[in-house]
Amino acid sequence: MKDVYEILEELKSSIEGGYPELPLSMYASRELFELEMKKLWPRVWHFLAHESEIPNEGDYVLRYIGPNVSVIVAKGDDGKIRAFLNVCRHRGRAFSKVDRGNASFFRCPYHFWTYSNKGDLVGIPQDETFSNVLDRSKYGLIPVRIENYKGFIFGNLDGKAESLENYLGEFKWYLDLAIRGGDVEVYGNPIRWVVNMSWKAPVDNFGSDSYHIPFTHRSTYSISANPLKLEDVGLQPPEGVKKVPGGFSGYQFASAKGHGGGITSLYDITQENLDKIKELPVPEKIYQIYPPGLLEHLKGKLSEDQLLALKMEMLTLAITRIRVFPNLALIVHSLFSGEERQKYVQDYLLRVWRPVDVDKTEVLTYCLVPKSANEDYKRASYRQCIFMQDASGILDVDDVENWIMQTRMSASVIGNNVKLPMVQRLKEGPVEDFPLPHSKEVQVFREPADKSSLAWWKRYVEILLS
Ligand code: FES
Ligand SMILES: [Fe+2]
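For reference, each letter of the sequence shown is one residue, going 171 to 636 in the working numbering.
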């Protein structure tokens, strides 16, 4: 039986050899899961919270990095956001089980040691029994390094890791587009559920796999959640923008740092029609789908090029998908929901896939909304997000069955022997005339492709073998 390092080396050499094949066991091998706990989760930047979730002093949320490192993100009485390990310094109990709340103090239920929301140890019952030798200042909560990227708070267990800015690298351009320059907020509480699947199955899909859309989601599209067409709001495609015969088109991004994503549409997006889109006004009716005045509002928050890319998304009703390595994804959809009140409103999803076990994943869904939108729009977009993407959301129901079945096969005895080809568009190089930024670090390819997925696996292998 091959060990985990042999399997990783095999994947590495197949990628380097020019014909990448993924061993099926990569999804749900127990050895790999344990190696991830040692080498992956303690080193990567991990999305913890959005600042709109903790607007007031004393607000906090409980989150995880990897399978079992529990982290509190709290806004202190001084207005500063901090993160701490959810570990009491006395005997190591996780002191909080509460998902979110507002508190000046955290009190551990075991022996009632008490900490301020700034992390200081401020209360020890029967203090005198500690013989005056215990220096309280040494036993505050253990801080987790955080960085705030335009409202998105990421944590890293490695104090020496590169900065978040470096970690994101040139991919920030695409991330900024998806997060609308930071002009978004979380609406409602994140929705959580657990699925019997490896976290890597959905991660591999989100951000990379536009290929599955017309097949896995065919039945859904046939009854309710069709990708919205311009005709649905009484518009024609702009001159020069054609429908793609028989499916989706678009571009896929792959960063050498493991990030990825794509812009996918029923309409063809080319350099030529992008030039035309530049000159076109945005029809009022588009603002049935997007928040009124969005482009104007984002001037100054996004660059000219980013605004053009957003306009392209709007005028071709494209789906924008972004995946930040390892397990964060953002998707902005224009889908027809069939329900009168909200049928044209975009839904905007942030998703974290948290491993709980090798074949168990907690799905965290955050519905995002544009900060600048009015309450009606926010509410409708939230409803759309729930309709599409919560535990019974019509898209997730299609998807999870695939990922559960993949996990089962991966965890079985055949896992090491079955190789999966990662060769969609293998022979096609990056698109050089794509008008959005691309470089050696972030490359752009035609959709559908395995390129973004491959970039993710490459980075994953690098980290696990380092
Ligand atoms: S373990 Fe927390 S007070 Fe003892
Ligand atoms: Fe899907």
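Each residue gets a CB set at the ideal place from its N, CA and C atoms; glycine is no exception.
Computed from a prediction, not measured in an experiment: that's the story for all the values here.
| Item | Value |
| --- | --- |
| Ignoring anything shorter than 3 residues, give me the beta strand (DSSP E) runs that lie fully in the stretch 181 to 267, in order along the chain. | 191 to 193, 216 to 220, 229 to 235, 239 to 245 and 251 to 255 |
| Would you report the Cα separation of isoleucine 447 and serine 199, rounded to the nearest angstrom? | 47 Å |
| When you compare the CB positions of proline 408 and leucine 450, do they come within less than 7 Å of one another, or not? | yes |
| Where do the N-terminal and C-terminal ends of the alpha helix (DSSP H) with asparagine 572 fall, by residue? | 564 to 581 |
| Compare the beta carbon distance of serine 623 and aspartate 374 with 7 Å and say whether it is the shorter of the two. | yes |
| Output yes or no for whether 7 Å exceeds the beta carbon distance between leucine 505 and proline 397. | yes |
| May I ask which residues mark the beginning and end of the beta strand (DSSP E) holding alanine 424? | 419 to 425 |
| State the start and end residues of the unbroken alpha helix (DSSP H) segment that holds tryptophan 523. | Run containing tryptophan 523: none in the alpha helix (DSSP H); it sits in the beta strand (DSSP E), 517 to 527. |
| Can you list, in chain order, every residue whose CB sits closer than 7 Å to a heavy atom of ligand 2? | Asn375, His382, Ile383, Thr386, His387, Leu565, Asp568 and Asp569 |
| So, are the CB atoms of tyrosine 344 and proline 618 less than 7 Å apart? | no |
| Which same chain residues end up closer than 6 Å to proline 384 when comparing Cβ atoms and leaving out the 5 residues on each side of it in sequence? | Gly417 |
| Between which two residues does the alpha helix (DSSP H) harbouring proline 408 extend? | No alpha helix (DSSP H) holds proline 408; DSSP gives it neither H nor E. |
| Consult DSSP for glycine 432 and reduce its assignment to one of helix, strand or coil. | strand |
| For the beta strand (DSSP E) that leucine 468 lies in, which residues bound it at each end? | Counting along the chain, leucine 468 falls outside any beta strand (DSSP E), and DSSP gives it neither H nor E. |
| What are the start and end residues of the beta strand (DSSP E) that includes asparagine 326? | 322 to 326 |
| What does the alpha-carbon distance come out to for the pair glycine 293 and cysteine 258? | 12 Å |
| Would you say the beta carbon of tyrosine 280 is closer than 6 Å to some non-hydrogen atom of ligand 1? | yes |
| Hey, which unbroken runs of the beta strand (DSSP E) at 3 residues or more fall wholly within the stretch 301 to 371? | 313 to 319, 322 to 326 and 354 to 365 |
| Can you tell me whether arginine 629 is helix, strand or coil according to DSSP? | helix |
| To the nearest angstrom, how far is it from the Cα of leucine 472 to the Cα of arginine 350? | 7 Å |
| As a quick exercise: from Leu606, Gln406 and Ile433, pick the residue whose alpha carbon is nearest that of glutamate 454. | Gln406 |
| Tell me the DSSP secondary structure of glutamine 594 in three-state form. | coil |
| Just tell me which of Gly410, Leu468 and Val614 has its CA closest to the CA of alanine 426. | Val614 |
| From Gly249, Ile185, Tyr234 and Leu232, pick the residue whose C-alpha is nearest to that of lysine 621; which is it? | Ile185 |
| Taking lysine 530 as part of the alpha helix (DSSP H), name the residues at either end of that continuous run. | Not the alpha helix (DSSP H): lysine 530 falls in the beta strand (DSSP E), residues 530 to 540. |
| How would you call aspartate 529, buried or exposed, if buried means at least 16 neighbouring beta carbons within 10 angstroms? | buried |
| Give a single yes or no on whether tryptophan 283 has its beta carbon closer than 6 Å to a heavy atom of ligand 1. | yes |
| Compare the Cα-Cα distances from glycine 188 to each of Pro591, Ser609 and Val612 and report the closest residue. | Pro591 |
| DSSP state of isoleucine 492, grouped into three classes? | strand |
| Valine 533 and arginine 362 look like a contact to me (Cβ under 8 Å); what is the Cβ gap, rounded to whole Å? | 7 Å |
| Just to check, is the beta-carbon of arginine 306 closer than 6 Å to a non-hydrogen atom of ligand 1? | no |
| Excluding the 5 residues flanking tryptophan 211 on each side, which residues of the same chain have their C-beta closer than 6 Å to its C-beta? | Ile235 and Gly236 |
| Starting from alanine 550 and walking both ways along the alpha helix (DSSP H), at which residues does that stretch end? | 545 to 559 |
| Would you check whether ligand 1 has a heavy atom nearer than 6 Å to the C-beta of cysteine 258? | yes |
| Report the partner residues of isoleucine 501 according to the DSSP bridge assignment. | Arg491 and Leu519 |
| Less than 6 Å separating the Cβ of arginine 261 from some heavy atom of ligand 1? | yes |
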